[in-house]
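S.K.:
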Amino acid sequence: MPIDVHFRSGGITVAGHLYLPEDYKEGQKRAAVVTVTPGSGIKEQTSGRYARELCDRGFVALAFDHRSYGESEGFPRYDEDPFAKIEDIKNAVSYLRNRPEVDPDRIGAMGICGGGGYASAAAATDRRIKAVATVSGVGDQRGAFHEQTGSDHGVLVAMLEACGAARQAFSRGDEPTYWPVIPGPEVENAFAPLKEAPDYYYDSTRGAHPRWENKVLAWSLEKQLTFSALDVVSLIAPHPLLLIVGTESTSRSHNEATYAAAADPKELFLIDGASHLDLYDLDQYVKPTADKLADFFTQNL
Numbered sequence: 000m001p002i003d004v005h006f007r008s009g010g011i012t013v014a015g016h017l018y019l020p021e022d023y024k025e026g027q028k029r030a031a032v033v034t035v036t037p038g039s040g041i042k043e044q045t046s047g048r049y050a051r052e053l054c055d056r057g058f059v060a061l062a063f064d065h066r067s068y069g070e071s072e073g074f075p076r077y078d079e080d081p082f083a084k085i086e087d088i089k090n091a092v093s094y095l096r097n098r099p100e101v102d103p104d105r106i107g108a109m110g111i112c113g114g115g116g117y118a119s120a121a122a123a124t125d126r127r128i129k130a131v132a133t134v135s136g137v138g139d140q141r142g143a144f145h146e147q148t149g150s151d152h153g154v155l156v157a158m159l160e161a162c163g164a165a166r167q168a169f170s171r172g173d174e175p176t177y178w179p180v181i182p183g184p185e186v187e188n189a190f191a192p193l194k195e196a197p198d199y200y201y202d203s204t205r206g207a208h209p210r211w212e213n214k215v216l217a218w219s220l221e222k223q224l225t226f227s228a229l230d231v232v233s234l235i236a237p238h239p240l241l242l243i244v245g246t247e248s249t250s251r252s253h254n255e256a257t258y259a260a261a262a263d264p265k266e267l268f269l270i271d272g273a274s275h276l277d278l279y280d281l282d283q284y285v286k287p288t289a290d291k292l293a294d295f296f297t298q299n300l
C-alpha cells in the first residue's frame, strides 16, 4: 500500500502517494522516480499504476495530484497550467531528495501523455532529474491545438475571446467556467488520443475514479497554447531521454517529433500493437513498458 504524503508547491499543499519496495530496509538509499499524470489525470489512475510497477521493480516511486486536481489544494480547480505543473514536478523532486529512503543523486521522472511533455520540460532545466522517460507522450500542446483547429487563426482567436470572457466573469465573483477535457462524439476534429479516452476514463474497471471529472478550467487554454516541450527538450542532454509509444498510437507522430528535437542520448522504443491509451493500464502492454522503464532507470540512475 502506498504512503499518503504531502508537500508544498507554489504555496499550495500537494497530495501524493509514495511507494516503497517490499524489500526496502531502513537505512537504504534507493533510486527514485516521480511519475507524472496525463493532463487532467490524478494519482489513482495511470501514474499510480506506473509508480506501483516501478516500485515492484525496486524503485521508490512518487505519484501525486497536481495543484487543483484530486486531493491537492488549489482554486479554481482543474487548471491545466503546464508551467505550474512543471513547478509541481520540480517540487516533487525536492520532496524526494529530502526523504531518508532516497538517494538524492539518483532521481528520475517519467510522464504519461501530456505529463510526458511536463516531465521533459522539467528535466530540461532541473539538473537534479538525472533521467527522463515518457509513455504515450504528447509534448507539444501548442501543436496539438493547431491540429484540432486546422491552424485556423479565427477559431483560435474565438476560443481565446471565450477564455477572456470566462476570466472576467470569474473576477466579478461568478463561478469558474469549465470545458470538457474529453469532447463528445459530435466533435469531429478532436485531438486524436481524446477520441479513445472514454474507453479508459469512463470505465470503472479501468480509469474511472470519483475524484476525476471531465473538466478543464476555460482559461487553461491560454497557457496550453504557449507550451511546447519541443522548445527545450534538447536541453535534457547529456542526461538520457526514453520515449515509449505504441506502434498503433495516435501520438506516435508526437513522439517522433520529440525524438527529432531531442539531443543524444535518446531512444524511441515502440510497443508492438499498442494504441495511445493501451499503455495506460492494459497488462499486456504495461508490463513490457514497465520492464523497459526499469531497465532504463537502472542503467541511468
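Everything in the sequence shown is counted per numbering that gives the first Met the number 0, starting at 0 for the first residue and increasing by one.
Quick reminder that beta carbons are idealized off the backbone N, C-alpha and C, glycines included.
1) Can you tell which of Leu281, Gly142 and Ala161 has the C-alpha that lies nearest to the C-alpha of Gly206?
2) Under a three-way DSSP split, which group does Gly206 fall into?
3) CB Ser119 to CB Val244, shorter than 8 Å?
4) Can you give the Cα-Cα distance for Asp125 and Thr257, rounded to whole angstroms?
5) Buried or exposed for Phe74, going by 16 or more other Cβ atoms inside 10 Å?
6) Measure the Cβ-Cβ separation of Cys162 and Glu212 and say whether it is below 8 Å.
7) Closer than 8 Å by C-beta to Lys214: which residues in its own chain qualify, once you throw out the five before and the five after it? Chain order, please.
8) Of the residues Ser93, Gly113 and Phe268, which one's Cα is nearest the Cα of His5?
9) Of the choices Ala262, Ala261, Phe226 and Asp277, whose alpha-carbon is the least far from that of Ser250?
10) Closer than 6 Å by C-beta to Tyr306: which residues in its own chain qualify, once you throw out the five before and the five after it? Chain order, please.
11) So Ala31 packs on Ile106, CB below 8 Å; how close in whole Å?
12) From this set, Thr225, Ala130 and His253, which residue's C-alpha is nearest Leu241's C-alpha?
13) Identify whether Lys291 lies in helix, strand or coil by the three-state DSSP scheme.
14) Looking at the structure shown, is Met158 part of a helix, part of a strand, or coil, going by DSSP?
15) Report the rounded CA-to-CA distance for Pro175 versus Tyr117, giving the unit in angstroms.
16) Hey, how far is the Cα of Glu247 from the Cα of Leu267?
17) So the beta strand (DSSP E) Pro103 belongs to, where does it begin and stop?
18) If you check the beta carbons only, do Tyr23 and Arg51 fall under 8 Å apart?
19) Classify Arg66: buried if its beta carbon has 16 or more other beta carbons within 10 angstroms, exposed otherwise.
20) Excluding the five sequence neighbours on either side, which residues of its own chain have a C-beta within less than 6 Å of the C-beta of Thr133, listed in chain order?
21) Between which residues of its own chain and Glu43 is the CB-CB distance below 6 Å, once the five residues before and five after are set aside?
22) Quick check on Phe63: does DSSP put it in helix, strand or coil?
23) Tell me which residues share the same chain as Phe82 and place their Cβ nearer than 8 Å to its Cβ, disregarding the 5 neighbours each side in the sequence.
24) Residues in the same chain with beta-carbon distance under 7 Å from Asp80, minus the five sequence neighbours each way, listed in chain order, please.
25) For Ala236 and Cys112, I'd like the C-alpha separation in whole angstroms.
M.R.: In this structure, then:
1) When only C-alpha atoms are compared, the closest one is Leu281.
2) coil
3) no
4) 19 Å
5) The residue in question, Phe74, is exposed, as its Cβ has fewer than 16 Cβ neighbours within 10 Å.
6) no
7) Ser39, Arg76, Tyr77, Tyr177, Trp178, Pro179 and Val180
8) Ser93
9) Asp277
10) Nothing about residue 306 can be reported from this structure: the residues present for the chain run from 0 to 300 only.
11) 5 Å
12) With distances taken between Cα atoms, Leu241 lies closest to Ala130.
13) helix
14) helix
15) C-alpha of Pro175 to C-alpha of Tyr117: approximately 24 Å in a straight line.
16) 14 Å
17) Note, Pro103: beta strand (DSSP E), Val101 to Ile111.
18) no
19) buried
20) Gly110, Gly115 and Leu242
21) His208
22) Strand.
23) Lys222 and Phe226
24) Closer than 7 Å at the Cβ level, and outside the excluded window around Asp80, lie Ser219 and Lys222.
25) 21 Å
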